[in-house]
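Residue numbers (my numbering): 1 to 99. For glycine and all other residues, C-beta sits at the position ideal for the given N, C-alpha and C. A short worksheet on the structure shown next.
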């Protein structure tokens with residue numbers, strides 16, 4: 001392919017943007033899993049059921065081995081939610097109102 005007629009037609013991507021986007025994407029998936037786990041707990045699901053549902057959702061969303069959130073993160077989310085791990089970042093309980 002020949003060179004583009006104007007230099008502004010060639011994309012110039014900043015490599016630093018990819019790093020920050022990756023971190024933001026990982027945080028988004030982790031927050032989504034935390035909120036989903038909290039919802040399942042409020043609906044009365046047991047710890048094992050919540051863990052299985054989260055793992056199934058991650059397995060459905062991503063090909064094997066390409067999840068942005070590791071399996072150990074699922075365990076820590078569920079353990080924190082059910083009160084078996086030291087408190088880290090609080091899990092969001094609702095979309096609105098005072099927290």
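Selection from the options that minimises the alpha carbon distance to residue i
i, options, result
"residue 26", "69, 39 and 43", "69"
"residue 80", "14, 35 and 22", "35"
"residue 75", "22, 52, 11 and 64", "52"
Buried or exposed by the 16-neighbour rule on C-beta atoms within 10 Å, applied to residue i
i, result
"residue 24", "exposed"
"residue 37", "buried"
"residue 43", "exposed"
"residue 54", "buried"
Host alpha helix (DSSP H) of residue i (start-end)
i, result
"residue 17", "15–42"
"residue 50", "47–61"
"residue 7", "Unbroken run through residue 7: none, as it is neither H nor E."
Close-in-space but distant-in-sequence residues of the same chain around residue i (CB under 7 Å, 5 per side omitted)
i, result
"residue 67", "58"
"residue 30", "69 and 73"
"residue 12", "none"
Close beta carbons around residue i, own chain, < 6 Å, minus the five adjacent residues each side
i, result
"residue 82", "47"
Cβ-Cβ distance between residue i and residue j below 7 Å
i, j, result
"residue 17", "residue 50", "no"
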